[in-house]
Amino acid sequence: MNILSLIISNLYIIVIWLCFNITIIVHAFNNDNVVLGFIPSEIETHGINESCSHLHNKNSYQIKKFKIDIGNDKNKNSITSLFSKFAKYIVGQSEEEQNNNQNQNFIALEQPFEVVYQCDCDDIYCERIKDSFEKVPGYFTSALDIYSAIKIRLNIFSFSQSEKRKNSTALAITSPPPYIILKDSENGWPFSYPYTLIKQLNTNIKIQYDSNITDYDINIDINTDQMMNDKYFTSMLAHEILHGMGIYYIIKPLSKMIPDFEFSPELIMPPIDYNVYENEEGILKEIKTFLPPSIYEKNFINLEKLIKNKDSNDTSNFVSPDYYLFNEDYYLAFRDLKLKYYIHQPMIDDSEKTQLQQFNETLFHWKGYSIAHNFYKSATSENGIGFLTNEGDIIKLQTYNNEYSGDFFHVSTPYHCESISKCSIEDETDHHLLKYGPNFVMLSKYYVFDMTVEEKIEAFAPNNRYGLLGDGIVHMLTTMGWTERNSTRNNKNYIVLNSEELENLQIVGPVHPNTIELKLDHNQSLFSLISSDSNISFQYTPLKCIILTLVLTIIFLF
């Protein structure tokens, strides 16, 4: 009897212990620590009469976090919008898989793009796009080593006959890939990276699409209404892909990220993490926290300041950290600006007005406030913003005097334009005779559709080493982390950050620890050089926690 009681007693303890371990494992699979990511706004692209721009409308927010709970239903109370169909990801792998992932032999692909054509139109339009795309991969592989294929879907249809796009007159609208927050070393600074680039990097956590769904890194909608009789769209397709590879910015006026709350349009902020819900009282916005800017924006420099100083007392060919547009104070918005506000739109009571007032006061006393405001000034000056590459190139980005266009995800035209909508020289000159410069593929407009890429290269950029992709464009990409053709691969080990890690991040050292030497010839002024010629929430399993509980169980049983 005593033996039977002892067995029953031990069996009861074993069952309790197993239940405890199962609880820990279940908690691990539902851990709230999530990798931070988001989908930027779409890019609407027009022809010569209008510039490429962000797609703004009342139902699509500039930055919207997308959240994935694998195996769970979507929150039925959340508002759907233009960006509500988000990609699912699986995150997490064993330590052995992590080591294999970091040490695998990366081989450059001959075909770097996996393309799917969705044609809801006359065959003639679809065939034009297919013919135009044929040469696109070759221009990229001649300039870059791409190790993991980029998945692209080209949707070719009449916008006027589409419910989704019926109000758009664009030639193309591109949905960029999701952005995920990484740091490039244990003590590195966090930045937001496009998933197309992350696929080429060593990361401590494997990030991939859920095997149960089919999704794409870059979606491009092409409007047959605007194709007319034109045949050559190779440059346009390459341009949109380059946006998806990271030549794209995610900082925005706060008034655009959170509209209708009367924030100053002159305050340019890092992306903001917020959720939008619908309840019985209307639309509720949960304003959570700011997120790090993109790796593209890390390299923005103040051209006006650089030109002024180089023309006066600074005769060195080095760019010091003082010339970068953003510094540590700005980048630390995610840590220094403590947010957690719940505000209806429109506001329903005085308590919400008080929260909004607190938010404004917090911003005003933030160390990076003047930087956020001064960036607006640079963005409204024709010689305001440049991109500094690791090779010492300065690529002037598109801005206009006294107008905030948000156009600095494009290379500047090598001639003066009065505004985003008016450019007298283009109105008065045969477009075949304009000098577009070697980086013409990333100008803010599409020109001369009656010329092949080869004809454009011969006319505008005969000295380009890589043809369609000018040296400046290639160096912008390699500065962000891509690998130039036949060069040493970027072997940094990147760390994917979850929300808790970002909040408690300990950073050692400055954002820009090294000075970069400019590429200047003896007879070349700086000004001539730069005048244009020149939140996904991923959930992952804390594997160590699971292994520990299983080991303890085995020890207890035996």
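The sequence shown begins at -8 in this note's numbering and counts up one residue at a time. We treat Cβ as the ideally placed atom computed from N, Cα and C, and that holds for glycine. As the structure is a prediction and not an experimental result, all values here were calculated from the model.
Next item on the list: Using alpha carbons as the reference points, say which of 326, 315, 333, 222 lies closest to residue 273.
Entry: 333
Practice item. Mind the definition here: the stretch 335 to 348 touches the stretch 385 to 396 only if three or more C-beta pairs lie below 8 Å; say whether that holds. Key: no
Taking the continuous beta strand (DSSP E) assigned at residue 116, which residues delimit it? Premise fails: residue 116 lies in the alpha helix (DSSP H), 114 to 124, not in any beta strand (DSSP E).
Grouping DSSP H, G and I as helix and E and B as strand, with all else coil, what is residue 353?
helix
inquiry  = I'd like to confirm the pairing. Which residues does DSSP put opposite residue 166 in its beta bridges?
reply    = 210
Practice prompt. Locate the alpha helix (DSSP H) running through residue 503, then write down its first and last residues.
Written response: Where residue 503 is concerned, there is no enclosing alpha helix (DSSP H), given that its DSSP letter is neither H nor E.
* Determine which residues share a DSSP beta bridge with residue 146 and list them. => 109, 212
Original post:
Quick check: the stretch 140 to 147 against the stretch 205 to 212, are there 3 or more CB pairs under 8 Å?
Top reply: yes
Do the stretch 235 to 245 and the stretch 191 to 198 touch if we need at least three Cβ pairs shorter than 8 Å?
no
So the candidates are 450, 298, 244, 137; which of them puts its Cα closest to the Cα of residue 254? 244
Unbroken stretches of the beta strand (DSSP E), 3 residues or longer, contained in the stretch 462 to 508: 484 to 487
Scan the stretch 406 to 471 and note each continuous beta strand (DSSP E) run of 3 residues or more that stays entirely inside, going in chain order. none
Do residue 268 and residue 258 come within 7 Å of each other at the CB atom, strictly closer than that value?
no
Q | Spatial neighbours of residue 164 in its chain, beta-carbon cut-off 6 Å, leaving aside the 5 residues before and after | A | 33, 35, 212
Handout entry: Same chain only: Cβ atoms within 6 Å of residue 367, ignoring 5 sequence neighbours per side
Key = 257, 259
TODO: Kindly indicate which three-state DSSP category residue 183 falls into: helix, strand or coil?
DONE: strand
Original post:
Between which two residues does the beta strand (DSSP E) harbouring residue 264 extend?
Top reply: 263 to 270
Would you kindly report the start and end of the unbroken beta strand (DSSP E) that includes residue 332?
332 to 336
Chain-order list of residues whose beta-carbon lies under 8 Å from that of residue 448 (same chain, five-residue window excluded):
455, 458, 459
Buried or exposed (CB count within 10 angstroms, at least 16 for buried), residue 314: buried
ask   = Which value, in whole angstroms, describes the spacing of the CA atoms of residue 564 and residue 474?
value = Any property of residue 564 remains undetermined from this structure, which presents the chain solely from -8 to 549.
By the DSSP assignment, the alpha helix (DSSP H) with residue 293 in it spans what residues?
Where residue 293 is concerned, there is no enclosing alpha helix (DSSP H), although the beta strand (DSSP E) it sits in stretches over 291 to 293.
DSSP beta-bridge partners of residue 378: 291, 386
Span separating the alpha-carbon of residue 477 from that of residue 335: 54 Å
- Cα-Cα, which of 286, 440, 229 is closest to residue 179? 286
Q) Out of curiosity, what's the CA-to-CA distance linking residue 465 and residue 30? A) 24 Å
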